[in-house]
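So the structure is just underneath, and the comments pick up after that.
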Amino acid sequence: MLSSKASSNCHGQDSLYFLGWQVYEKNPFHEVENPTGIIQMGLAENQLSFDLVESWLRKNPDVMGLKNKDGESVFRDLALFQDYHGMPAFKNELVEYMAKIGGNKVKFDPNNLVLAAGATSANETLIFCLADPGDAILLPTPSYAGFDRDLKWRTGVEIVPIHCSSSNGFRISMFALEEAYERAQKLDFKVKGVLITNPSNPLGTTMTTDELQSLITFAIDKDIHLISDEVFSGTVFDSPSFISIMEAAMDSNLKRNTDVLSRIHIVYSLSKDLGLPGFRVGMIYSNNQTVMSAATKMSSFGLVSSQTQYLLSYMLANKKFTSNYMKRNQKRLKKRKEMLVSGLKKSGINCLKSNAGLFCWVDMRHLLCSNTFEAETDLWKKILCEVGLNISPGSSFHCSQPGWFRVCFANMNQSTLQVALRRIKDFVERSSFNYQQIMASLSRKLISNWVRKLSSADREEQER
Amino acid sequence: MGLLSRKATCNTHGQDSSYFLGWQEYEKNPYNEVNNPNGIIQMGLAENQLCLDLLEPWLMKNPDALGLKRDGISIFKELALFQDYNGFPAFKRALVDFMGEIRGNKVSFDPNHVVLTAGATSANETLMFCLADQGDAFLLPTPYYPGFDRDLRWRTGVEIVPIHCTSSNGFKVTLPAIEQAYRQAQKRKLRVKGVLITNPSNPLGTTMARDELDLLINFIEDRQIHLISDEIYSGTVFTSPSFVSVMEVLKDRNLDQTQVWERVHIVYSLSKDLGLPGFRVGAIYSNDPVVVSAATKMSSFGLVSSQTQYLLSAMLLDKKFTKEYMAENHKRLQKQQKDLVSGLEKAGIRCLDSNAGLFCWVDMRHLLKSNTFEAEMELWQKIVYHVKINISPGSSCHCIEPGWFRVCFANMSESTLKLAIQRLKSFVSSIGMKSQSHQELKSLRRKARNNWVFRLSLQSFYDREQDTTTKVSFSYRPHFMSLSNIAATLDAAA
Chain A
1 MLSSKASSNC
11 HGQDSLYFLG
21 WQVYEKNPFH
31 EVENPTGIIQ
41 MGLAENQLSF
51 DLVESWLRKN
61 PDVMGLKNKD
71 GESVFRDLAL
81 FQDYHGMPAF
91 KNELVEYMAK
101 IGGNKVKFDP
111 NNLVLAAGAT
121 SANETLIFCL
131 ADPGDAILLP
141 TPSYAGFDRD
151 LKWRTGVEIV
161 PIHCSSSNGF
171 RISMFALEEA
181 YERAQKLDFK
191 VKGVLITNPS
201 NPLGTTMTTD
211 ELQSLITFAI
221 DKDIHLISDE
231 VFSGTVFDSP
241 SFISIMEAAM
251 DSNLKRNTDV
261 LSRIHIVYSL
271 SKDLGLPGFR
281 VGMIYSNNQT
291 VMSAATKMSS
301 FGLVSSQTQY
311 LLSYMLANKK
321 FTSNYMKRNQ
331 KRLKKRKEML
341 VSGLKKSGIN
351 CLKSNAGLFC
361 WVDMRHLLCS
371 NTFEAETDLW
381 KKILCEVGLN
391 ISPGSSFHCS
401 QPGWFRVCFA
411 NMNQSTLQVA
421 LRRIKDFVER
431 SSFNYQQIMA
441 SLSRKLISNW
451 VRKLSSADRE
461 EQER
Chain B
465 MGLLSRKATC
475 NTHGQDSSYF
485 LGWQEYEKNP
495 YNEVNNPNGI
505 IQMGLAENQL
515 CLDLLEPWLM
525 KNPDALGLKR
535 DGISIFKELA
545 LFQDYNGFPA
555 FKRALVDFMG
565 EIRGNKVSFD
575 PNHVVLTAGA
585 TSANETLMFC
595 LADQGDAFLL
605 PTPYYPGFDR
615 DLRWRTGVEI
625 VPIHCTSSNG
635 FKVTLPAIEQ
645 AYRQAQKRKL
655 RVKGVLITNP
665 SNPLGTTMAR
675 DELDLLINFI
685 EDRQIHLISD
695 EIYSGTVFTS
705 PSFVSVMEVL
715 KDRNLDQTQV
725 WERVHIVYSL
735 SKDLGLPGFR
745 VGAIYSNDPV
755 VVSAATKMSS
765 FGLVSSQTQY
775 LLSAMLLDKK
785 FTKEYMAENH
795 KRLQKQQKDL
805 VSGLEKAGIR
815 CLDSNAGLFC
825 WVDMRHLLKS
835 NTFEAEMELW
845 QKIVYHVKIN
855 ISPGSSCHCI
865 EPGWFRVCFA
875 NMSESTLKLA
885 IQRLKSFVSS
895 IGMKSQSHQE
905 LKSLRRKARN
915 NWVFRLSLQS
925 FYDREQDTTT
935 KVSFSYRPHF
945 MSLSNIAATL
955 DAAA
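The listed protein sequences derive, respectively, from chains A and B. For the first sequence, our numbering begins at 1 and goes up steadily by one. For the second sequence, our numbering begins at 465 and goes up steadily by one.
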């Protein structure tokens with residue numbers, strides 16, 4: 001009766017990533033009203049710098065009021081503006097902002113930008129443009145849980161994972177890349193591209209120029225595309241600084257391959273950097289004119305509200321504001337991350353070294369009772385239901401090693417984070433106390449068994 | 465260079481049609497009363513610009529709505545973070561109340577059955593993804609909105625099979641036409657998943673009568689398929705008969721607890737009624753919880769900006785305002801439509817009798833050199849390039865009779881409309897003078913050849929649609945043969 005898409009679960013929302021949210025929503029933590037509720041640490045949102053945005057809004061009431069610099073209402077023009085090419089002023093500001101994030105090493109052309117209703121829409125649209133149903137995209141794991149829905153569900157495109165492991169800090173090795181490509185071919189999938197998230201979700205790390213250039217070389221070699229999802233690029237709070245795929249492609253050796261720029265595409269959004277996920281502002285950047293043309297038409301299915309384009313074009317045009325925002329936001333992210341990392345360390349839990357993102361990639365392998373995903377799920381359930389923290393298990397990110405969790409830190413205030421850290425500490429102590437008790441009990445049993453065996457052996461000898 | 469997808473490189477986006485090409489020409493030389501009085505007047509854009517002046521005072525009286533405040537306190541943070549695909553509850557409640565009001569409160573809607581989307585464009589595509597698989601088909605009465613070729617087919621891979629409607633009965637949907645379309649789909653080995661109607665119709669500007677809706681409900685019940693009713697123009701019904709939603713008919717027939725109830729879905733939007741296409745507010749309404757669930761998840765690909773949801777929830781919650789707005793809106797639409805219809809009549813051009821919409825369905829068959837789509841294109845090009853008016857030719861709406869055009873009236877001032885009518889009048893007079901000597905013969909020819917050329921057009925239409933033309937012409941061959949003698953006689957007389 002309905003389509004196979006509606007009746008299947010390819011939307012991927014039966015994963016623990018989303019189930020954790022559902023449990024959280026039934027019993028959400030509130031400092032005053034529900035202090036024993038579940039603390040949401042599974043949501044990668046940036047809530048640390050709203051005060052900066054609100055202060056700008058207070059100083060610029062006309063923009064909210066849809067008035068121009070002369071105090072005249074532009075409501076009518078905005079109400080009618082549905083041009084899928086997007087508001088020129090807004091696109092001009094966006095490309096400048098993107099360039100600023102990358103240290104102004106690359107200049108972006110607003111004509112190569114297509115707006116979309118969030119990065120969710122941008123990613124799906126790009127896949128519709130680059131791949132047909134049954135084709136495949138290679139994706140390094142661990143990767144954002146939402147990709148199962150965004151890249152595969154309605155497009156019919158497959159994801160083939162590039163397995164990364166803790167042995168080298170989860171970096172993409174050429175070996176893993178080639179292995180994934182071969183695996184795809186064995187499965188009879190036509191590989192159309194590689195999609196990377198840089199900075200990485202869930203790792204919180206940025207890629208080096210070498211890594212990026214290896215990927216570009218691989219893409220050229222296999223005649224495929226390279227999509228760089230850079231939605232977290234504005235959250236880089238520590239060195240090494242962010243290097244966009246475009247910057248890496250500017251290398252003279254690579255530029256000799258004249259169509260290299262036609263196969264590289266960027267996805268960006270204001271949801272993570274500016275903390276405005278509700279406003280649905282995403283975009284695709286590409287030098288490939290055919291992609292631009294098709295993606296522009298497809299953006300009809302998810303245009304950005306003109307009311308929102310207007311507000312944000314003014315905000316981004318204020319360069320003093322954006323410089324100040326970026327600096328202070330990054331400082332706050334760094335401080336908050338350090339608080340999480342040091343707090344976890346006191347509980348004997350380590351995190352992957354990170355310099356970006358709104359989360360840490362946390363190593364809880366030593367808390368598993370066995371090196372399995374069943375044990376990881378058990379631990380996840382305990383932490384969700386007994387400890388009262390919604391964190392995201394590595395399996396929901398398709399991590400190939402059990403025991404890793406993504407823990408978000410930027411969507412709560414300091415005191416809530418302190419509560420969360422205390423709860424983890426208590427849990428670990430309890431677990432280790434229990435573990436010690438179990439070990440002690442086990443040891444006692446072992447010793448008593450051994451002593452019994454020894455005693456019976458002695459007796460036998462004596463009897464002989 | 466890595467290949468792109470078929471979707472990116474084909475032209476199923478349908479934007480090579482004359483509907484969109486006309487816009488492009490307009491954009492190169494747009495009319496402006498002051499700056500470009502000889503430019504092209506845009507009459508190919510179905511937008512409601514007549515009542516924006518009513519919205520602005522409301523905004524001034526309610527600064528909190530734009531200022532993202534509640535009782536004077538900023539809720540910016542709450543809205544900036546709000547990305548819940550279940551939508552802003554207050555907005556959904558206000559929206560269903562507004563939809564109920566438009567339908568004279570004869571039906572009430574449940575906000576839990578609403579899925580918000582970025583415009584009706586997104587809503588229609590999402591419904592296709594939920595109801596049909598690649599290679600399935602939906603039946604659509606012609607003429608229909610040209611954008612459907614993109615919205616319903618492009619990325620979904622779903623096919624459209626037309627239900628041909630003709631001027632012989634005012635383009636109403638008939639049972640033989642629906643059944644013919646269904647058989648056509650089967651011949652093409654397409655599995656029909658449903659029927660999609662636009663009510664009020666774009667481009668006709670007419671509302672469907674109860675008997676048409678009954679017919680459709682009976683048909684989908686019988687075939688166990690879906691019915692999508694795109695009701696985005698429901699708020700533009702400016703004169704009788706009043707709007708009857710398919711939901712009302714289902715309720716009146718006590719079908720609201722049956723299986724068919726779950727197979728009828730509505731698409732709505734604020735782009736036409738409130739004239740706010742830029743804000744991207746669309747909605748799917750369905751009684752099938754599985755559809756609502758799937759569509760809700762899919763709406764992630766096109767959510768409505770929370771900033772906009774908040775603004776419009778405040779506006780729609782002001783029932784006094786919406787009532788006054790709708791009354792005035794209808795009044796202005798009716799006046800502008802009357803001005804266009806009477807103006808065209810003075811130029812010897814008639815329109816289909818209409819009671820809704822932002823456009824008229826205009827009969828220019830008598831201005832065609834021959835009863836063909838080539839002649840229609842020729843006329844259209846003259847009107848765009850020489851008369852300097854962008855109107856939409858019926859062929860772009862998949863009409864099977866050449867000579868009909870959709871002419872919009874709600875996106876311009878009274879004076880611009882007057883100018884457009886004047887230009888058309890002069891154009892018609894100029895044609896009239898040239899062909900005066902052939903007028904009588906033309907009229908005679910037209911009457912007698914009507915059906916015969918109609919079949920030719922149908923064949924050329926199917927050629928364009930890539931249908932199996934032999935099958936089509938075979939079904940009409942007997943009639944074709946009997947009229948060909950008459951045609952031969954007329955040719956000899958000419």
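We put the CB at the ideal spot given by N, CA and C, even for glycine.
With 16 other Cβ atoms within 10 Å as the buried cut-off, status of residue i
{"i": "L446/A", "result": "exposed"}
{"i": "K107/A", "result": "exposed"}
{"i": "S770/B", "result": "buried"}
{"i": "I127/A", "result": "buried"}
{"i": "G568/B", "result": "exposed"}
{"i": "M524/B", "result": "exposed"}
{"i": "K320/A", "result": "exposed"}
{"i": "E31/A", "result": "exposed"}
CA nearest to the CA of residue i, picked from the options
{"i": "P199/A", "options": "L312/A, D188/A, W361/A", "result": "W361/A"}
{"i": "E211/A", "options": "I127/A, P88/A, D132/A, F175/A", "result": "F175/A"}
{"i": "R870/B", "options": "L808/B, S834/B, G551/B, V659/B", "result": "L808/B"}
{"i": "E489/B", "options": "G867/B, L797/B, N854/B, M876/B", "result": "N854/B"}
{"i": "I101/A", "options": "I245/A, N411/A, L311/A, S448/A", "result": "I245/A"}
{"i": "E72/A", "options": "V63/A, A79/A, T217/A", "result": "V63/A"}
{"i": "L595/B", "options": "S4/A, K335/A, A136/A", "result": "S4/A"}
{"i": "V157/A", "options": "E179/A, D132/A, L417/A", "result": "D132/A"}
{"i": "L52/A", "options": "A184/A, T208/A, G275/A, N168/A", "result": "G275/A"}
{"i": "I383/A", "options": "V23/A, M1/A, A6/A", "result": "V23/A"}
{"i": "E865/B", "options": "S834/B, E589/B, V708/B", "result": "S834/B"}
Contact with chain A by residue i, beta-carbon distance below 8 angstroms
{"i": "A472/B", "result": "yes"}
{"i": "K556/B", "result": "no"}
{"i": "E865/B", "result": "no"}
{"i": "V461/B", "result": "No information on residue 461/B is available, as it lies outside the stretch 465 to 958 that chain B covers here."}
{"i": "K541/B", "result": "yes"}
{"i": "P494/B", "result": "no"}
{"i": "R619/B", "result": "yes"}
Residue i versus residue j - alpha carbon distance
{"i": "M439/A", "j": "S432/A", "result": "10 angstroms"}
{"i": "R452/A", "j": "N9/A", "result": "57 angstroms"}
{"i": "E511/B", "j": "T235/A", "result": "41 angstroms"}
{"i": "A759/B", "j": "T722/B", "result": "22 angstroms"}
{"i": "L816/B", "j": "P667/B", "result": "10 angstroms"}
{"i": "H628/B", "j": "I642/B", "result": "8 angstroms"}
{"i": "F189/A", "j": "I224/A", "result": "13 angstroms"}
{"i": "S448/A", "j": "L442/A", "result": "10 angstroms"}
{"i": "P202/A", "j": "P393/A", "result": "10 angstroms"}
CB contact check: residue i to chain B, cutoff 8 angstroms
{"i": "H11/A", "result": "yes"}
{"i": "K69/A", "result": "no"}
{"i": "L78/A", "result": "yes"}
{"i": "A6/A", "result": "yes"}
{"i": "C129/A", "result": "yes"}
{"i": "P61/A", "result": "yes"}
Within chain A, the residues that residue i reaches when beta carbons sit closer than 7 angstroms
{"i": "S693/B", "result": "Per Cβ cutoff of 7 angstroms: no residues; S693/B is ~18 angstroms from chain A at best."}
{"i": "H477/B", "result": "K297"}
Chain-ordered neighbours of residue i on chain B, where CB pairs are closer than 7 angstroms
{"i": "L64/A", "result": "Per the sequence presented here, residue 64/A reads as Met, with Leu not at that position. Residues of chain B passing the Cβ test: L530, G531, L532."}
Partners in chain B for residue i, counting only beta-carbon separations shorter than 8 angstroms
{"i": "F90/A", "result": "By Cβ distance, chain B contributes nothing, its closest Cβ being about 12 angstroms from F90/A, past 8 angstroms."}
{"i": "T308/A", "result": "S769, Q771, T772"}
Interface residues of chain B facing residue i [CB-CB closer than 9 angstroms]
{"i": "F50/A", "result": "F540, K541, A544, L545"}
{"i": "L303/A", "result": "A582, G583, T585, S586, G742, R744, G766"}
Heavy atom of the ligand ZN within 7 angstroms of residue i beta-carbon
{"i": "H85/A", "result": "As far as ligands go, the structure on display features none, and thus does not contain the ligand ZN."}
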